[in-house]
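The structure under discussion appears below in the form of structure tokens.
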Amino acid sequence: MPLHRLRSLDLGVADPLAQAAFHTEMGLTSGDGSLFDSPDGGTQIRLSQHPFRRLLRVDLGVDDESDLADISRRLSDLGAPHTVESGVLRCVEPHTRIEFRVEPVARLVQTPSTAHPYNAPGHSPRVDRRSPGVFPGARSPRRLGHIVVATPSWRATRSFMLDGLGFKVSDEFTDIIAFLRCSSDHHNVAIVNGEVPYLQHYSWECDDVDHVGHLATKLLAVDAERHTWGFGRHFIGSNFMWYLRDPSGSFVEFYSDMDRIEDDVAWETTGRTAVGLENVGLAWGPSMPMEFIVPKDIDVLRAGWAAWGS
Ligand SMILES: [Fe+2]
Numbered sequence: 001m002p003l004h005r006l007r008s009l010d011l012g013v014a015d016p017l018a019q020a021a022f023h024t025e026m027g028l029t030s031g032d033g034s035l036f037d038s039p040d041g042g043t044q045i046r047l048s049q050h051p052f053r054r055l056l057r058v059d060l061g062v063d064d065e066s067d068l069a070d071i072s073r074r075l076s077d078l079g080a081p082h083t084v085e086s087g088v089l090r091c092v093e094p095h096t097r098i099e100f101r102v103e104p105v106a107r108l109v110q111t112p113s114t115a116h117p118y119n120a121p122g123h124s125p126r127v128d129r130r131s132p133g134v135f136p137g138a139r140s141p142r143r144l145g146h147i148v149v150a151t152p153s154w155r156a157t158r159s160f161m162l163d164g165l166g167f168k169v170s171d172e173f174t175d176i177i178a179f180l181r182c183s184s185d186h187h188n189v190a191i192v193n194g195e196v197p198y199l200q201h202y203s204w205e206c207d208d209v210d211h212v213g214h215l216a217t218k219l220l221a222v223d224a225e226r227h228t229w230g231f232g233r234h235f236i237g238s239n240f241m242w243y244l245r246d247p248s249g250s251f252v253e254f255y256s257d258m259d260r261i262e263d264d265v266a267w268e269t270t271g272r273t274a275v276g277l278e279n280v281g282l283a284w285g286p287s288m289p290m291e292f293i294v295p296k297d298i299d300v301l302r303a304g305w306a307a308w309g310s
């Protein structure tokens, strides 16, 4: 797989100031109020004004220009228009109108988290002191991990991502949702069947379950109405999760302990256990809310795409 990294997103939102305030609250840093950095991922969000919320662009990383040539060949085979100029490949997925930019960048290197000592029956590595998990600590998420994108042409978008850009399938339910990876994360981009294109959620890696809990709790202390879904654990990807709604209407997930895939054969033969549709959302936790399937602002999105030229 030529790809190795999901780098950043360009988000178009109706109210960039409110969105910027939210990203600052969640711990991202910014010098100018439009570019937002995470500690591990560098610049991960670029904000701009748009009449309705829309994922405008996704940046991906490869190792070198031979990888760009490989992706260019794949896109040509699909008949997908694209350019390669000054070491950057640009293309647009035609059904979501998302621009993808691919360029050679360094691979992601993360400082390892310090694991908390967890007491359990018959095993007590922590005695005579409180758990470090009860203290907030550093609370910005480590990096952008994945996005989920709704598309009205599920099979075509899936083909563009796999056959064109070179993503791999980790789990999928035909015509419903496909979890795709461009790194060792179980998924970096998932595509879900939707009436119109929209960013269903974007997700941030945390150190551990306490980090997820402290971060979500801090944001809910400001506005409890942000809560959308959680706390729980996904079956697909195995990650702990907690979802909030950002000012634009997109869901933001904080997660930890996602499955990692480094050996494709091992994943397919022993890691990827059979899973039913009832497990798509959840291993345990509160039931998936309806707005996770049909967002509350679907009328705004529908009108936006109609006016903008779908
Ligand atoms: Fe997610």
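The working numbering numbers the first residue of the sequence shown as 1 and each following residue consecutively. Positions of the beta carbon are idealized from the N, C-alpha and C atoms, including for glycine. Computed from a predicted model, the values in this text were never measured in an experiment.
Query	Result
Exposed or buried, what is Trp229 when buried is set at 16 or more other beta-carbons lying within 10 Å of its beta-carbon?	buried
Decide if the region 207-217 is in contact with the region 28-43; the criterion is three or more beta carbon pairs, one per stretch, under 8 Å apart.	no
What first and last residue would you give for the beta strand (DSSP E) that runs through Glu93?	Val88 to Glu93
Name the two residues that bound the continuous alpha helix (DSSP H) containing Ser66.	Glu65 to Leu78
Please give the ranges of any beta strand (DSSP E) in the region 203-242, keeping only runs that are unbroken, at least 3 residues long and fully inside the region.	227-233
Assuming contact is defined by CB atoms lying nearer than 9 Å, are Asp171 and Arg260 in contact in what I supplied?	no
Taking contact to mean 3 or more Cβ pairs, one atom from each stretch, closer than 8 Å, check whether the region 271-278 and the region 157-168 are in contact.	no
Between the region 143-155 and the region 173-193, are three or more C-beta pairs nearer than 8 Å?	yes
Is there at least one non-hydrogen atom of ligand 1 closer than 8 Å to the beta-carbon of Gly304?	no
Could you check whether the region 129-145 touches the region 74-94, counting it as contact only if at least three pairs of C-beta atoms, one from each stretch, sit closer than 8 Å?	no
For the structure I just gave you, are there three or more beta carbon pairs, one from the region 55-70 and one from the region 8-17, closer than 8 Å?	yes
Using C-beta distances below 6 Å, list every residue in its chain close to Glu99, excluding the 5 sequence neighbours before and after it, in chain order.	Arg57 and Val92
Kindly indicate which residue of Pro51, Val62 and Arg302 has the alpha-carbon position closest to the one of Pro104.	Val62
When the Cα of Ile71 is compared with those of Leu162, Pro121 and Ser140, which residue comes out closest?	Leu162
Taking all protein chains shown into account, decide if Trp284 is buried (16 or more other Cβ within 10 angstroms of its Cβ) or exposed.	exposed
In the DSSP assignment, what residue or residues form a beta bridge with Trp305?	According to DSSP, Trp305 bridges with nothing at all.
Can you name the start and end residues of the alpha helix (DSSP H) that Thr114 belongs to?	Thr114 -> no alpha helix (DSSP H), and no H or E assigned at all.
Per the DSSP calculation, Phe251 is bridged to which residue(s)?	His201 and Arg245
What are the boundary residues of the beta strand (DSSP E) that includes Asp146?	It should be noted that the sequence gives His, not Asp, for residue 146. Note, His146: beta strand (DSSP E), Arg143 to Thr151.
What do you get for Ser256, buried or exposed, if any count of 16 or more other CB atoms within 10 angstroms of its CB means buried?	buried
So for Thr83, helix, strand or coil by DSSP?	strand
With a threshold of 8 Å, establish whether the CB of Ala190 neighbours any heavy atom of ligand 1.	yes
Mapping DSSP to helix, strand and coil, what is Leu35?	strand
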